[in-house]
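The structure appears below as structure tokens.
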Amino acid sequence: MNEAIDIRGVSHRFGEHLAVDELTLAVSPGEIFGLLGPNGAGKTTTIRLLNTLLPLQRGAIRVFGLDVSRQAMGVRRLLGYVPQQLSIEGALTGRENVMWFARLFDVPRRERKDRVNEVLAMMDLTDAADRLAGNFSGGMVRRLELAQALVNRPALLVLDEPTVGLDPVARDSVWTRVAEMRDQFGMTVLLTTHYMEEADALCDRVAMMHRGALRTVGPPAELRAALRPGASLEDVFRHFTGDSLTTDERGGLRSVRSARRTARRVG
């Protein structure tokens, strides 16, 4: 069986800055996999390469056997994506937002209404579906974005800091639904998060990145045990990446500003 994600020898530069450095990584079908690291570690660049949003400069990436460079359209049909930045339109209703994504992903016309209703129900948004999305709470916004990402029934769901700015109750609501989707449909999930307790509880395996390179990968419990008895995943994070949350001033500042804008908008 093909790996859900197969990354081999990938490097990517922005000018003189090496954002991803010889990354080799595989994610199995059905896994919830966490890509962790400080701001500027190369996580979002890796996701954008995987999503075909950036051209591949060096190395190879396959998604369920499809080459991201030569079969980009086929890869996109397999993906659902929730970016760091908000992707809803506040002037549209929740239902209209999801319907727009159904059209964007070329869901067959005869199936669109049922698909939209299905994912709204999955995210517990049926009662709010015809309200303007600009009036949604932060947790509802993130659940609406998940509904958008799921409307094409993706084989791979990619979540880039999906709970930034949310309170603990809203974060739990989002992750409960992600876990339900994996259990119900066998969907593979790739996520980034700065909340180590989330990664520890949710992920089958995690990878730690620092300065564009892979530092370690494995099940959270095994990584904690290998470090020392009683270690937390945050201890593992600090061991492999250092105490600094920003490794590159340009990339780090951009990421921080983006996260702060998102946090302000989701309340």
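Read in order, the letters of the sequence shown correspond to residues -3 to 263 in the numbering used here. Ideal placement from N, C-alpha and C gives every residue a C-beta, glycine not left out.
Span separating the alpha-carbon of residue i from that of residue j
i	j	result
glycine 86	glycine 214	39 Å
proline 104	threonine 122	21 Å
leucine 88	glycine 61	37 Å
leucine 140	glutamate 230	30 Å
threonine 212	phenylalanine 236	8 Å
threonine 42	valine 16	7 Å
glycine 70	threonine 48	10 Å
arginine 4	alanine 124	43 Å
glycine 238	aspartate 2	27 Å
methionine 36	glycine 11	Note that residue 36 is glycine in the sequence shown, not methionine. Their backbone Cα atoms lie some 15 Å apart in a straight line.
threonine 242	leucine 14	Any reading at threonine 242 needs caution, since the residue's pLDDT is 45, under 50, leaving its predicted position unreliable; the model's value is listed next. Between threonine 242 and leucine 14, the C-alpha separation is close to 15 Å.
lysine 109	aspartate 126	14 Å
leucine 65	histidine 206	The displayed chain sequence assigns serine, not leucine, to residue 65. Those two C-alpha atoms are separated by around 25 Å.
phenylalanine 97	alanine 145	8 Å
leucine 45	leucine 19	12 Å
glutamine 67	histidine 8	19 Å
proline 138	alanine 227	Before going further, note that residue 138 is arginine rather than proline in the sequence given. The straight-line gap from Cα to Cα measures roughly 31 Å.
glutamate 218	glycine 130	43 Å
Residue i - containing beta strand (DSSP E), residue span
i	result
histidine 8	1 to 10
glycine 214	209 to 214
histidine 13	13 to 23
histidine 206	201 to 206
Pair within 7 Å by beta-carbon distance, residue i and residue j
i	j	result
leucine 116	alanine 143	yes
arginine 178	isoleucine 28	yes
alanine 175	glycine 135	no
leucine 187	valine 78	no
threonine 184	proline 51	no
leucine 75	proline 158	no
arginine 106	valine 147	no
alanine 224	valine 232	Looking at the sequence itself, residue 224 is arginine, so the reference to alanine does not match. No. Outside cutoff.
leucine 152	alanine 0	yes
glycine 208	glycine 38	yes
Residue i CB to nearest heavy atom of the ligand ZN below 6 Å
i	result
aspartate 231	Annotation note on the ligand ZN: not contained in the displayed structure, which lists no ligands.
Enclosing alpha helix (DSSP H) for residue i [first to last residue]
i	result
arginine 178	164 to 181
valine 160	Careful: valine 160 lies outside any alpha helix (DSSP H) and carries neither H nor E.
valine 137	134 to 146
asparagine 113	105 to 118
valine 232	229 to 237
Which residues DSSP lists as bridging residue i, in chain order
i	result
valine 185	Ile28 and Leu153
tyrosine 191	Paired residue(s): none; tyrosine 191 is not in a bridge.
glycine 76	Leu153
alanine 56	Arg4
threonine 89	Leu128
leucine 62	Val59
Below-7 Å beta-carbon distance, residue i vs any chain D residue
i	result
histidine 235	No chain D appears in this structure, which consists of one protein chain only.
field: Sufficient close CB pairs (3 or more, under 8 Å) joining the region 51 to 64 to the region 81 to 98
entry: no
Three-pair Cβ contact test at 8 Å for the region 30 to 37 versus the region 194 to 202: yes
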